[in-house]
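Below: one structure, written as structure tokens.
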Amino acid sequence: AALALIVFFGLLIAIVVLILHVICKSALIYNVYQIETHGEHGISEGWDFGVKRFWTMLGLTLLQYFCLAVLVVALMMIEIVIFAIAMPLGFLSLLFAVPVFCGAVALIVLVWNYADRFVVLESRGVFDAISDGCNLLRLQWQPSLQMLLAKFLIAVTMVVASAVVGLAVGLP
Numbered sequence: 783a784a785l786a787l788i789v790f791f792g793l794l795i796a797i798v799v800l801i802l803h804v805i806c807k808s809a810l811i812y813n814v815y816q817i818e819t820h821g822e823h824g825i826s827e828g829w830d831f832g833v834k835r836f837w838t839m840l841g842l843t844l845l846q847y848f849c850l851a852v853l854v855v856a857l858m859m860i861e862i863v864i865f866a867i868a869m870p871l872g873f874l875s876l877l878f879a880v881p882v883f884c885g886a887v888a889l890i891v892l893v894w895n896y897a898d899r900f901v902v903l904e905s906r907g908v909f910d911a912i913s914d915g916c917n918l919l920r921l922q923w924q925p926s927l928q929m930l931l932a933k934f935l936i937a938v939t940m941v942v943a944s945a946v947v948g949l950a951v952g953l954p
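In terms of this note's numbering, the sequence shown is residues 783 to 954.
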């Protein structure tokens with residue numbers, strides 16, 4: 783009974799976090815656009831706008847998570863089959879699978895970054911926003927790749943810094 787209660791509250795918290803994530807993401811995109819084009823802007827207006835775009839952004843977010851999950855499961859299944867056929871071939875295939883996986887994840891993330899903006903700023907539907915995001919990525923692939931690499935380097939720096947601080951605090 784205690785485990786069921788913990789799972790229930792964990793799922794409830796996850797749902798609340800997902801709702802807040804979707805609304806705040808829309809609000810942030812809208813507020814940045816308003817500040818860049820019109821100057822000052824209120825936070826409550828962005829929140830209201832985020833609530834207005836909630837269902838479309840939720841659909842886009844869930845579709846992104848679904849695509850990433852399908853990608854992970856597909857690559858895992860392929861690797862399991864290759865390892866079952868021949869162990870050395872499985873290790874060799876990892877040299878190909880890991881870069882393919884990283885590239886596919888990068889492509890999904892970049893397209894969805896642009897699709898989010900089309901949903902919020904131009905009121906596009908989910909699939910229209912994805913299509914427009916693909917087209918914009920095709921036109922702006924160099925700045926997009928630079929942005930992605932910068933985010934990756936920031937993430938690596940944060941992980942290394944966290945590990946150093948954790949080791950410094952954890953070691954006697």
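Just so you know, even glycine gets a beta-carbon here, dropped at the ideal spot from N, CA and C.
Which term fits residue i, buried or exposed, when burial requires 16 or more other beta carbons within 10 angstroms of its beta carbon?
i, result
"Arg920", "exposed"
"Met929", "exposed"
"Phe873", "exposed"
"Trp923", "exposed"
"Ser808", "buried"
"Gly828", "buried"
Can you name the start and end residues of the alpha helix (DSSP H) that residue i belongs to?
i, result
"Ser875", "869-904"
"Ala784", "784-820"
Does the beta-carbon distance from residue i to residue j come in below 8 Å?
i, j, result
"Gln846", "Ile797", "no"
"Val901", "Leu842", "yes"
"Thr838", "Val908", "yes"
"Leu840", "Val893", "no"
"Glu861", "Ala886", "no"
"Arg767", "Asp898", "The question about residue 767 has no answer, for the chain in this structure spans 783 to 954."
"Leu871", "Tyr815", "no"
According to DSSP, simplified to helix, strand and coil, what is residue i?
i, result
"Arg920", "helix"
"Gly824", "coil"
"Leu931", "helix"
"Gly907", "coil"
"Leu953", "coil"
Just how far apart, CA to CA, sit residue i and residue j?
i, j, result
"Ile825", "Gly832", "11 Å"
"Ser926", "Ala932", "10 Å"
"His820", "Ala786", "50 Å"
"Phe883", "Arg835", "31 Å"
"Ala888", "Tyr896", "13 Å"
"Val799", "Phe790", "14 Å"
"Leu810", "Ile936", "20 Å"
"Met858", "Ile795", "29 Å"
"Ala784", "Ile912", "42 Å"
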